[in-house]
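> The structure is given below, and queries will be raised subsequently.
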Amino acid sequence: MSHSSDTESESEDDSVLSLGTAGVVGFGTGTPERSQQTVSVVGDPRGGVIDAIMTLSSLDLSLLRESESSHESIQRASQVILDHLDVIIGGNTFPDTDTSTLLVTFTEIVNHQFMQLLFEYRRIFRSLAATNLASRGTASSVVVCWVDLIIAKLAEAILLLSGGLEYPDFAAGGLNQRRESNGIRAASQLPGSVTPYGSHTAYLEPFSESWADIIPLIASTLASPAAIRLALYLVFGVYVMGPQLKVISPWSSESCKPCQLMSHLGTRIDMMADSHDHWQSNHSQQEKVCFAMAVVLFSAADLAKNEHNDDSLEPFLPRTLSSVSRLIQIIIPLSDSNSAFELISPVTELDHPQAILVHWGATMAWSWSTWAGWEGRIHNTHSTIHLTATWLFHLHTSGPDSSREKLWRPHLRQALLLDVSAAAKSINTVLQQFVTFLSLKDSTSFLGPGCPLLDVLMKLLWSAVQLAEPEKSTDQSLRLDLCTSLLSLFILLGNASIEIHAEVKDTIIETMTLMEPETISMALEKCKNDMPFHFALKLDGCIKDFTSRLSEHLANGSVSQSILSESRMHLHLLTVIWYSGIKGCLHRQTVTNFLAPLVDWSLCQNIHYSAHREFLASLLTSLAFLESTRAGASVADVSKLWDDDALWRLVLASRKPDLSKASALAHYVSETANLETCDRLCFAEAWDFLRDVLLLILTNHFLGEEELLALTVSPSICRALSVLLANIDAGTGDLFRFT
Numbered sequence: 002m003s004h005s006s007d008t009e010s011e012s013e014d015d016s017v018l019s020l021g022t023a024g025v026v027g028f029g030t031g032t033p034e035r036s037q038q039t040v041s042v043v044g045d046p047r048g049g050v051i052d053a054i055m056t057l058s059s060l061d062l063s064l065l066r067e068s069e070s071s072h073e074s075i076q077r078a079s080q081v082i083l084d085h086l087d088v089i090i091g092g093n094t095f096p097d098t099d100t101s102t103l104l105v106t107f108t109e110i111v112n113h114q115f116m117q118l119l120f121e122y123r124r125i126f127r128s129l130a131a132t133n134l135a136s137r138g139t140a141s142s143v144v145v146c147w148v149d150l151i152i153a154k155l156a157e158a159i160l161l162l163s164g165g166l167e168y169p170d171f172a173a174g175g176l177n178q179r180r181e182s183n184g185i186r187a188a189s190q191l192p193g194s195v196t197p198y199g200s201h202t203a204y205l206e207p208f209s210e211s212w213a214d215i216i217p218l219i220a221s222t223l224a225s226p227a228a229i230r231l232a233l234y235l236v237f238g239v240y241v242m243g244p245q246l247k248v249i250s251p252w253s254s255e256s257c258k259p260c261q262l263m264s265h266l267g268t269r270i271d272m273m274a275d276s277h278d279h280w281q282s283n284h285s286q287q288e289k290v291c292f293a294m295a296v297v298l299f300s301a302a303d304l305a306k307n308e309h310n311d312d313s314l315e316p317f318l319p320r321t322l323s324s325v326s327r328l329i330q331i332i333i334p335l336s337d338s339n340s341a342f343e344l345i346s347p348v349t350e351l352d353h354p355q356a357i358l359v360h361w362g363a364t365m366a367w368s369w370s371t372w373a374g375w376e377g378r379i380h381n382t383h384s385t386i387h388l389t390a391t392w393l394f395h396l397h398t399s400g401p402d403s404s405r406e407k408l409w410r411p412h413l414r415q416a417l418l419l420d421v422s423a424a425a426k427s428i429n430t431v432l433q434q435f436v437t438f439l440s441l442k443d444s445t446s447f448l449g450p451g452c453p454l455l456d457v458l459m460k461l462l463w464s465a466v467q468l469a470e471p472e473k474s475t476d477q478s479l480r481l482d483l484c485t486s487l488l489s490l491f492i493l494l495g496n497a498s499i500e501i502h503a504e505v506k507d508t509i510i511e512t513m514t515l516m517e518p519e520t521i522s523m524a525l526e527k528c529k530n531d532m533p534f535h536f537a538l539k540l541d542g543c544i545k546d547f548t549s550r551l552s553e554h555l556a557n558g559s560v561s562q563s564i565l566s567e568s569r570m571h572l573h574l575l576t577v578i579w580y581s582g583i584k585g586c587l588h589r590q591t592v593t594n595f596l597a598p599l600v601d602w603s604l605c606q607n608i609h610y611s612a613h614r615e616f617l618a619s620l621l622t623s624l625a626f627l628e629s630t631r632a633g634a635s636v637a638d639v640s641k642l643w644d645d646d647a648l649w650r651l652v653l654a655s656r657k658p659d660l661s662k663a664s665a666l667a668h669y670v671s672e673t674a675n676l677e678t679c680d681r682l683c684f685a686e687a688w689d690f691l692r693d694v695l696l697l698i699l700t701n702h703f704l705g706e707e708e709l710l711a712l713t714v715s716p717s718i719c720r721a722l723s724v725l726l727a728n729i730d731a732g733t734g735d736l737f738r739f740t
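Each number in my numbering corresponds to the 1-based position in the sequence shown with 1 added.
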């Protein structure tokens with residue numbers, strides 16, 4: 002459908018009153034001309050628009066038919082609004098005004114209450130204009146007024162802003178006057194009553210046109226495509242763009258309930274899907290823009306329905322959901338293969354319809370919640386995976402580079418918390434596609450610096466951290482599936498490109514530490530029993546490969562920061578495995594060969610370096626969990642080739658009250674103090690060190706972020722002190738200084 006046929010049902014003769022730029026602002030008996038040049042608004046543009054809206058709101062509409070005294074004020078107010086819309090459409094800005102201020106002002110115009118007022122003015126002035134024409138014996142099949150021009154320009158501004166201040170292909174490059182004329186033609190076709198007046202056709206009382214009449218027009222089979230598109234643009238601006246740019250509910254008015262909008266949108270969406278072959282590739286961009294707006298509006302109305310407990314509509318049929326899914330796949334298409342790589346690869350450059358679907362409304366969170374219960378029963382739901390990847394990738398594009406991370410995290414968190422269980426299921430579904438893809442040979446090369454897949458994966462893992470805590474979801478099966486996917490990802494990433502994958506693996510470990518031991522144990526068991534995956538074999542190979550590289554660096558005396566970081570990651574993974582209590586995942590000699598050289602190297606290092614202190618804390622914590630589970634068959638026979646006494650002394654060599662070091666020592670002391678492998682003087686030094694740290698915690702020595710850490714580690718310190726007391730003899734007790 003070409004743009005030139007916007008008003009297929011309308012003739013283009015002189016029967017249309019005031020279709021040009023001049024003379025559209027018609028006030029009953031007069032048609033004052035609108036200036037051809039945009040009038041600059043001096044000062045704050047927002048204040049000017051608000052004043053104009055207040056002026057229009059303050060007038061008594063019942064007096065407009067009897068007196069023209071207020072028409073000049075109306076003309077000035079409408080001119081301010083038109084000038085503001087012209088600035089948006091022209092891609093310009095007011096002096097000393099940034100784009101954000103311009104957008105905030107735009108929200109005042111798309112406010113649902115102001116739209117109701119505008120249509121009241123439209124009803125009155127179209128009646129006055131039609132009556133005036135009839136009294137002069139002038140015939141006109143279509144009557145327009147100044148409100149129609151505002152509506153036409155507002156629809157154009159909505160279309161422009163919905164794509165990020167860029168015209169879609171079908172509207173770009175045309176003449177401004179032609180676009181304006183087409184817009185007014187479409188506005189003239191919006192709802193209105195027509196009754197005969199003598200030999201003429203005119204708009205007379207009583208009128209039944211209002212803002213509420215625009216909603217049913219969306220589902221009309223009689224209105225022209227141009228009128229339907231215009232109605233869709235206006236409704237999208239009022240119920241999606243306005244609330245998103247300025248937090249205000251458009252549903253507070255009785256003019257339209259969410260279920261009413263859903264009913265009409267559902268009808269239109271089914272018609273859109275039924276009238277187009279799903280696999281057809283030649284949809285016009287104009288059609289796709291309407292598809293995207295309809296989908297976003299439908300999701301917004303459904304979310305509002307739940308929020309406002311509006312149950313006046315019967316549950317929509319699966320057919321409508323299938324239609325929504327079809328439209329999504331038309332907007333963001335997939336090939337026939339639907340391979341894992343294609344599903345998780347985001348669309349990096351969005352066209353106009355894709356930008357609407359990705360950036361406006363809460364369509365992504367709605368899709369997770371809606372399709373969570375329909376998996377396998379609605380065709381094309383795999384398009385949600387592709388949409389999720391694309392949406393995650395473009396979360397950062399809503400702000401400048403310096404603030405992107407700060408912007409996307411709250412946005413993503415809000416989407417996740419809307420329906421935690423559905424979000425967890427959807428996030429895990431995409432992670433499983435990553436597992437499938439990374440199982441392929443050389444697939445990790447696609448996770449290089451700046452790669453879109455790496456960006457998507459990091460946001461998925463950040464989401465997993467938010468969803469992993471038991472209090473976020475009561476469904477243990479979801480956390481189990483999530484943990485299983487994370488373990489598989491950790492192993493599949495292997496030891497290549499540590500600089501790139503370090504953050505990925507750290508986030509995986511962080512997520513698993515938030516889960517219960519039972520969940521981790523079941524996930525490990527699930528991975529271990531997945532015979533095609535060979536988890537235990539891959540884990541063993543992963544540790545062996547790194548141990549080999551570690552040995553080379555130790556032999557050369559060049560242990561870099563990246564090697565230390567990778568060592569810590571493997572220690573953390575072992576700690577999580579031992580913490581879960583799982584048996585049969587680790588091979589005795591592999592773990593021994595990995596731990597022994599790390600302990601030997603640590604004993605030769607300077608504890609005063611922060612990097613060495615952090616590594617030692619990780620090592621001691623891991624060894625503490627190893628000692629706590631030595632009774633288990635999987636780790637009982639790990640050869641212990643290090644001296645507990647030496648490790649104690651290494652930590653105690655620095656008397657600086659470091660919380661991470663104190664926590665690690667407390668764990669290690671609690672597990673080894675009863676083994677009688679440390680001399681009595683070492684007991685006393687450990688007692689002094691841990692007691693001093695505990696006193697500092699009790700006297701609020703640690704402030705800010707350290708205060709939370711101090712409160713977290715204090716129970717471990719108390720436990721270690723109790724273990725020391727329980728294992729001293731009479732001679733050692735004299736060395737303890739009780740203060």
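Beta carbons: idealized from backbone N, C-alpha and C, even for Gly. Predicted model, so just to flag it, every value in this text is computed and none were measured.
Go through its chain and collect everything with a Cβ distance to Asp601's Cβ below 6 Å, but skip five positions before and after it.
none
> Using DSSP with H/G/I as helix, E/B as strand and the rest coil, what is Met513?
helix
> Residue range of the alpha helix (DSSP H) that Asn675 falls in?
From DSSP, Asn675 is part of no alpha helix (DSSP H); its letter is neither H nor E.
> Cα-Cα, which of Arg269, Ala356, Glu511 is closest to Ser163?
Ala356
> Near Ser623, which residues of its chain fall below 7 Å by C-beta distance, leaving aside the five closest residues on each side in sequence?
Leu572, Leu575, Thr576
> Runs of 4 residues minimum, wholly inside the segment 410-493: which ones carry the alpha helix (DSSP H) assignment?
421-439, 453-469
> Classify Val600 as helix, strand or coil using the three-state DSSP reduction.
helix
> Reducing DSSP to helix, strand and coil, say where Met523 ends up.
helix
> I'd like to check one pair, Leu298 with Leu393: are the Cβ atoms closer than 8 Å?
Contact: no.
> Assuming Val431 and Ile492 form a contact by the criterion Cβ under 8 Å, report the distance between their Cβ atoms to the nearest whole angstrom.
In fact, because the Cβ distance is near 18 Å, the residues do not count as touching under 8 Å.
> Using the Cα positions of His395 and Lys289, report the straight-line distance between them to the nearest angstrom.
Rounded to the nearest whole angstrom, the C-alpha separation of His395 and Lys289 is 19 Å.
> By Cβ distance below 7 Å, which residues in the same chain neighbour His412 in space, the five residues on each side in sequence not counted?
Leu396
> Mark Gly49 as exposed unless 16 or more other C-beta atoms lie within 10 angstroms of its C-beta, in which case mark it buried.
buried
> Can you tell me which of the three DSSP states Thr196 falls into?
Note that Thr196 scores a pLDDT of 38, beneath 50, so its modelled location is shaky; the value from the coordinates is reported in the next line. Correct three-state label for Thr196: strand.
> Could you tell me the distance, in whole angstroms, from the CA atom of Ala1 to the CA atom of Leu419?
A question about residue 1 goes unanswered here, because the residues of the chain that appear run from 2 up to 740.
> Three or more beta-carbon pairs under 8 Å between the segment 525-537 and the segment 579-595, yes or no?
yes
> Measure from the alpha carbon of Ser444 to the alpha carbon of each residue in Gly495, Ser478, Asp476, then state which is nearest.
Gly495
> Using C-beta distances below 6 Å, list every residue in its chain close to Thr349, excluding the 5 sequence neighbours before and after it, in chain order.
Excluding residues up to 5 positions away in sequence, Pro453 lie with their Cβ nearer than 6 Å to the Cβ of Thr349 in the same chain.
> Going by the beta-carbon positions, is the gap between Trp361 and Val241 smaller than 8 Å?
yes
> Looking at C-beta atoms only, is the number of pairs between the segment 266-273 and the segment 215-223 that lie closer than 8 Å three or more?
yes
> Would you report the Cα separation of Arg650 and Ser603, rounded to the nearest angstrom?
12 Å
> Only counting the same chain, and skipping five residues up and downstream in sequence, which positions put a Cβ closer than 6 Å to that of Leu231?
Ala156, Ala187
> Between the segment 256-263 and the segment 123-130, can you find at least three pairs of beta-carbon atoms closer than 8 Å?
no
> Evaluate Arg656 with the Cβ neighbour count: other Cβ atoms within 10 Å of its Cβ, from every protein chain shown; 16 or more gives buried, anything less gives exposed.
exposed
> If distances are taken between C-alpha atoms only, which option among Ile54, Val652, Ser264 comes closest to Gln80?
Taking Gln80 as reference, the option from Ile54, Val652, Ser264 with the minimal CA-CA separation is Ile54.
> Below 8 Å between beta carbons: does that hold for Val694 and Ile729?
no
> Measure the Cβ-Cβ separation of Ser300 and Trp367 and say whether it is below 8 Å.
yes
> Span of the alpha helix (DSSP H) holding Arg569?
562-581
> Thinking C-alpha only, which one of Asp531, Ser566, Phe534 is nearest His764?
Here the chain has residues from 2 to 740 only, and residue 764 is not among them.
> Determine the burial state of Ile82: buried for a count of at least 16 other Cβ atoms within 10 Å of its Cβ, exposed for fewer.
Of the residues assessed, Ile82 falls on the buried side of the cut-off, its CB having 16 or more other CB atoms within 10 angstroms.
> If I measure Cβ to Cβ from Ser58 and keep anything under 7 Å in the same chain, skipping five residues before and after, which residues do I get?
Leu118
> So Leu304 is in the alpha helix (DSSP H); what residue range does that whole segment cover?
286-308
> What do you reckon, are the CB atoms on Ala654 and Val714 nearer than 8 Å?
no
> By Cβ distance, which residues of its chain are closer than 6 Å to Phe690, with the 5 residues on each side in sequence left out?
Cβ neighbours of Phe690 beyond the five flanking positions: Leu653.
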